[in-house]
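So the number in this note's numbering is just where the residue sits in the sequence shown, counting from 1, plus 7.
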Amino acid sequence: HFQVREDLGFAFTGEGEHLMVRIRKTGENTSFVANELAKACGVKSKDVSWAGLKDRHAVTEQWLSVHLPKGETPDFSTFLAQYPSIEILATDRHNKKLRPGDLIGNEFVVTLSEVTDVADVEQRLEKVKQVGVPNYFGSQRFGNDGNNLDEARRWGRENVRTRNQNKRSMYLSAARSWIFNRIVSARLENGVFDKFIDGDIAQTSQGLLAVDANNLADMQNKLALSEVEITAALAGDNALPTQTDALALEQPFIDEEPDLMALIRGNR
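Dropping the structure here:
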């Protein structure tokens, strides 16, 4: 069983044009819930926003913001009766809408049931504590049967333009996530998933730091102490910040996806 609880990390103003709705959903994706909530509130899909997309295959809690400037709170009874997989836990008011990234993190609860070898699981968990796990974007990011990724390639190839911000965001996310996952897989295949290489970009408590021959050994020691983290590219407009060996590992995955990169560079 998988549970996710979103933590925005800030308090609402208690007043303002945006109705904040805390939802708990089971087996539903965020975009679908947002679209249905928009209908229930009598607004357009673009008037409902969120801080982050949450896994469909989980029980997840998160905030959605609905632009309702008149201060009204709709009657959600019909909406809730129609979708028993969705609950409304709380409502509030705020003076700003939610934007992607407006959160400090998520709390994850993973419950394993019918475990036959507890000692083996504990041993594996200890290894995870030491070296972590690949931080892949999940399959839900790419849609049913990879449909979001297929559409992202088509949009890039045909230079599609739209006012539907949810679709635009969804396909951009699929494009960037796919390239990121390919880079993570390459690090695993090359035995550098848990090792810095020359030209890497490290995430430190102070921000991003370039790794080179001068600080490679020191950064590897800090990695072992969990003081820094290895990063992989989220493709954008600019050239990759990695250099030398790291750039040689990442760049081929940018070059092999011209349609995805056309979408990314045309919509940043």
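Note that CB positions come from ideal geometry on N, CA and C, so glycine has one too.
In this text the structure is predicted, and so the values were computed from the model without any measurement.
GLU43 and ASP109 have their C-alpha atoms spaced approximately 22 Å apart. Only residues of its own chain outside the window of five on either side were considered, and among them VAL235, GLU236, THR238 have a CB closer than 7 Å to the CB of GLN210, listed in chain order. For the 8 Å CB-CB criterion, VAL138 and ASP201 form a contact. Checking the DSSP bridge columns, you'll see ASN113 partnered with GLU13. For ARG164, the closest alpha carbon among the candidates PHE86, VAL140, ILE271 is that of ILE271.
Taken atom to atom, the span from the alpha-carbon of GLU94 to that of ARG31 is near 5 Å. Residue pairing by DSSP puts SER72 in a beta bridge opposite MET27, SER56. In the DSSP assignment, GLY214 is bridged to THR211. The C-alpha of ARG63 is placed about 20 Å away from the C-alpha of ARG106. In the DSSP annotation of this structure, the continuous segment of the beta strand (DSSP E) that includes ARG100 starts and ends at 93 to 101. In the structure shown, LYS174 falls within a helical segment according to DSSP collapsed to helix, strand and coil. If you check the CB distance, LEU26 and THR80 come in under 8 Å.
As the crow flies, the alpha-carbon of ASN222 is around 21 Å from that of GLU257.
DSSP assignment within the stretch 113 to 201 yields no whole beta strand (DSSP E) run of 3 residues or more.
Your pair LEU96 and ARG29 checks out as a contact, with CB atoms roughly 4 Å apart and the cut at 8 Å. In terms of Cβ geometry, GLN250 and GLY206 form a close pair [threshold 8 Å]. C-alpha of ASP252 to C-alpha of LEU232: approximately 24 Å in a straight line. The DSSP-derived three-state label of VAL66 is strand.
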